[in-house]
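Each remark here refers to the structure printed beneath this line.
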Amino acid sequence: MTALAALTGHYLRVAFGNRFSLVFSALQPFLYLVLFGPLFDRSGVGSWAVLVPGLLVQLGLTSAGMSGFSIVFDQRFGVLERLRVTPVSRVTLLLGRVLKDSVVLLVQAVAIIVAAYALGLRAPLAGVLTALLLTTVLSVGMASLSYTAALTLRQELFAPVMSTLVVPLMLLSGALLPMSLAPAWLDVVSRLTPFRYAVEGLRALFAGSYASPALLWGVIVSLAFAVLGVTLGTRRFQKENA
Amino acid sequence: MIHARGLTKTFGPVEAVRGIDLDVSAGEIVGFLGPNGAGKTTTLRMLTTLLRPTSGTATVAGADLFADPTAVRRRIGYVAQGGAFAPFSPVGEELVLQARLYGLNREQARERVTTLLAELDLPEVEERTTATMSGGQKRRLDIAIGLLHRPELLFLDEPTTGLDPQSRANLWEHVRRLRERDGLTVFLTTHYLEEADALCDRVLIIDHGRIVAEGTPDELKSEHGARTLDDVFLAVTGRELREAATA
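Chains A and B, in that order, give the protein sequences.
Numbering that gives the first Met the number 0 puts the first sequence at residues 0 to 241.
Numbering that gives the first Met the number 0 puts the second sequence at residues 0 to 246.
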């Protein structure tokens, strides 16, 4: 427990000490909010309360999803190995990083929601707070998988592979336009990605429909995704050379 | 302090370490020598729990390497060849974090870091990053991070490679003092044979994954009728190279 707190605290100090990367990893969804949001709001497809949940999932992908990048450097400079000769459990070594990513994401998500309010978003507070919780759960899975990928892929491949992967995952989630508009094949492909369910669950929360099946599915899939991510991540961290 | 029997490590078809036995007693400074690629770092990484041996048995600092790696980790320090610091992070924070991972609270960790840095002639470096330090300072800093938790046994992988003669001599002094004062056991690899001669109580020479010579520097020299440890080293390693050349 002490070790987890020490690790998380350390990574948080580093993260919040680097304002540039804090802003940069949230820049994409923020640009969509400001430059695409006003169009979306007048398009007749839906209001801010439909777009913003999608942007939270996009934020998860660009922020937590890319977090593995930091471990590439730690590996290169021997920091990771230095941590691995300590008695701290391998799960803790992973979770210290992941918890930091979740806190960072939460702060970024709050900033985006506040900005969205200023632009015209109206949603029930309880729904928004629960949505933040659900986004955090999702980010645990994303960050864990990101570290797993970073330790599995060749170092120089991580950034190009992940930043390319983020695009189809985001489009297929229906983050920018609801998948109810999609042709059948696209709808099917979209249902094969976890983020589709997360987006729809978050939309249900922003709409205040707490009893909808979409929310239930969003919660189930997000939790399963987080468990899967941490399991795979732990396995990778337990391996040699991680 | 270390008892290993028949340790092997294979990477796919490559047998990096082919069954080595070693014994290191408490308080000894043992040099582990060998040509590049002989299996030194692989052996060190096995003994420090970073690599799982393919076969063999070992107890390190009184704990079984296979059954209880966590206990081994608690009792050993490891200073890797390539260093342990990212060049953009203040070293004080990294050291405090590392100390806390061994169970010290924040205050204890800070105190320990300050004391240790002073002992290693590194006062007032806490706010700095390694980017602004000399090679000798960086190396002492790496050693500091291996000593934070007062280990019984310290592994040093090529601690003096790339250092100027003064920095090397200075580092030896620190290693000797740690042994005299704290009874620290040190297991180190090096390519500088005069260093092994001057610093180590005993040396082991590894070649092609096997230990090919073992003894005090003087024993080895008289055994091979050699004037320096360099001559011993050349006599016992690279046999295959020479045979290939004369065939």
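Here a beta-carbon is modelled for each residue, glycine too, at the ideal position from N, C-alpha and C.
Chain-ordered neighbours of residue i on chain A, where CB pairs are closer than 8 Å
i                : result
Ile1 (chain B)   : Result: empty, since nearest Cβ-Cβ is about 15 Å, beyond 8 Å.
Ile144 (chain B) : Arg81
Proximal chain A residues relative to residue i, where beta-carbon distance stays under 9 Å
i                : result
Phe84 (chain B)  : Phe76, Gly77, Val78 and Arg81
Gly208 (chain B) : In chain order: nothing, as chain A lies at least about 18 Å away.
Ala79 (chain B)  : Gly77, Glu80, Arg81 and Val84
Thr58 (chain B)  : Chain A residues near Thr58 (chain B): none, gap ~17 Å exceeds 9 Å.
Glu92 (chain B)  : His9, Arg12 and Val13
Contacts that residue i makes with chain A (C-beta to C-beta distance below 7 Å)
i                : result
Leu170 (chain B) : Near Leu170 (chain B) there are no residues of chain A at all, since even the closest Cβ is about 18 Å away, more than 7 Å.
Thr69 (chain B)  : Pro86
Spatially closest choice to residue i from the options, by CA coordinates
i                : options                                   : result
Arg75 (chain A)  : B:Ala98, B:Ser221, B:Pro68 and B:Pro86    : B:Pro86
Phe68 (chain A)  : A:Val188, A:Ser162 and A:Arg195           : A:Ser162
Ser208 (chain A) : A:Gly126, A:Thr147 and A:Gly173           : A:Gly126
Glu106 (chain B) : B:Gly91, B:Leu49 and B:Glu118             : B:Gly91
Gly102 (chain B) : A:Ala4, A:Val226 and A:Ile112             : A:Ala4
Lys39 (chain B)  : B:Glu218, B:Leu228, B:Leu187 and B:Leu177 : B:Leu187
Leu105 (chain A) : A:Pro193, A:Ala130 and A:Ser189           : A:Ala130
Leu46 (chain B)  : B:Ala25, B:Asn35, B:Gly30 and B:Ile75     : B:Ile75
Pro52 (chain B)  : B:Ile19, B:Met132, B:Ser24 and B:Val185   : B:Ile19
Ala255 (chain A) : A:Leu93, A:Val87, A:Ser88 and A:Ala197    : Limits of chain A in this structure are 0 at one end and 241 at the other, which puts residue 255 (chain A) out of reach.
Thr129 (chain B) : B:Asp163, B:Leu94 and B:Thr114            : B:Leu94
Leu58 (chain A)  : A:Thr91, A:Met141 and A:His9              : A:Met141
Asp217 (chain B) : B:Thr7, B:Ala83 and B:Ala195              : B:Ala195
Leu215 (chain A) : A:Pro177, A:Glu199 and A:Leu227           : A:Glu199
Leu49 (chain B)  : A:Ala14, A:Ser211, A:Leu34 and A:Leu79    : A:Leu79
Thr152 (chain B) : B:Asn35, B:Leu6 and B:Ala70               : Here residue 152 (chain B) is Leu; the residue named in the question, Thr, does not match the sequence. The option with the nearest alpha carbon to Leu152 (chain B) is B:Ala70.
Gln154 (chain A) : A:Ser66, A:Val71 and A:Val56              : A:Val71
Ser221 (chain A) : A:Leu34, A:Thr192 and A:Val87             : A:Thr192
Ile219 (chain A) : A:Ala206, A:Leu201 and A:Phe205           : A:Leu201
Residue i, DSSP secondary structure in three states
i                : result
Ala241 (chain A) : With a pLDDT of only 42 at Ala241 (chain A), under 50, the local geometry of the prediction cannot be trusted, and no value is derived from it.
Ala63 (chain A)  : coil
Val202 (chain B) : strand
Ser54 (chain B)  : strand
Gly82 (chain B)  : coil
Asp63 (chain B)  : strand
His207 (chain B) : coil
Arg127 (chain B) : coil
Ala3 (chain B)   : strand
Asp230 (chain B) : helix
Val188 (chain A) : helix
Glu92 (chain B)  : helix
Thr189 (chain B) : coil
Arg149 (chain B) : coil
Leu32 (chain B)  : strand
Ala70 (chain B)  : helix
Pro12 (chain B)  : coil
Leu175 (chain A) : coil
Leu21 (chain B)  : strand
Leu121 (chain B) : coil
Thr184 (chain B) : strand
Glu110 (chain B) : helix
Phe76 (chain A)  : coil
Asp163 (chain B) : coil
Under 9 Å by beta carbon: chain B residues contacting residue i
i                : result
Thr85 (chain A)  : Arg72, Arg73, Gln97, Leu100, Tyr101 and His148
Phe243 (chain A) : Only positions 0 to 241 of chain A appear in this structure, which leaves residue 243 (chain A) out of reach.
Ala14 (chain A)  : Those within 9 Å of Ala14 (chain A) in chain B number zero; the least Cβ separation is about 12 Å.
Contacts of residue i in chain B (Cβ-Cβ under 8 Å)
i              : result
Thr1 (chain A) : Arg99, Gly102 and Asn104
Proximity below 8 Å, CB of residue i to CB of residue j
i                : j                : result
Ser24 (chain A)  : Thr61 (chain A)  : yes
Ile204 (chain B) : Leu32 (chain B)  : yes
Val136 (chain A) : Ala225 (chain A) : yes
Gly214 (chain B) : Arg201 (chain B) : yes
Phe102 (chain A) : Leu6 (chain A)   : A quick correction: the sequence has Val, not Phe, at residue 102 (chain A). In this structure, Leu6 (chain A) does not lie closer than 8 Å to Val102 (chain A) by Cβ.
Gly173 (chain A) : Arg190 (chain A) : no
Gly232 (chain A) : Tyr146 (chain A) : yes
Arg266 (chain B) : Thr85 (chain A)  : In this structure chain B extends from 0 to 246, so residue 266 (chain B) is not present and cannot be described.
Ala25 (chain B)  : Thr160 (chain B) : no
Gly55 (chain B)  : Arg4 (chain B)   : yes
Per-residue contacts from residue i into chain B (C-beta, under 7 Å)
i              : result
Phe5 (chain A) : Correcting the residue identity first, residue 5 (chain A) is Ala in this sequence and not Phe. Here the neighbours are Leu96, Arg99 and Leu100.
Sequence-distant residues of the same chain with beta carbon closer than 6 Å to residue i, five excluded per side
i                : result
Val229 (chain A) : Ser143
Val109 (chain A) : none
Spatial neighbours of residue i in its chain, beta-carbon cut-off 7 Å, leaving aside the 5 residues before and after
i                : result
Ala241 (chain A) : Per-residue confidence for Ala241 (chain A) stands at a pLDDT of 42, beneath the threshold of 50, marking its modelled position as unreliable; the derived number appears in the next sentence. Only Leu150 and Arg235 meet the Cβ criterion.
Asp156 (chain B) : Thr40, Leu43, Val78, Ala79, Gln80 and Thr188
Asn169 (chain B) : Gly135
Residues near residue i by beta carbon distance below 8 Å, same chain, minus five either side
i                : result
Leu32 (chain A)  : Leu50, Val51, Leu54, Ile111, Ala114, Ala115 and Leu118
Pro122 (chain B) : Leu116
The ligand ADP heavy atom lying under 7 Å from the CB of residue i
i               : result
Arg73 (chain B) : Ligands are entirely absent from the displayed structure, and the ligand ADP is therefore not among its contents.
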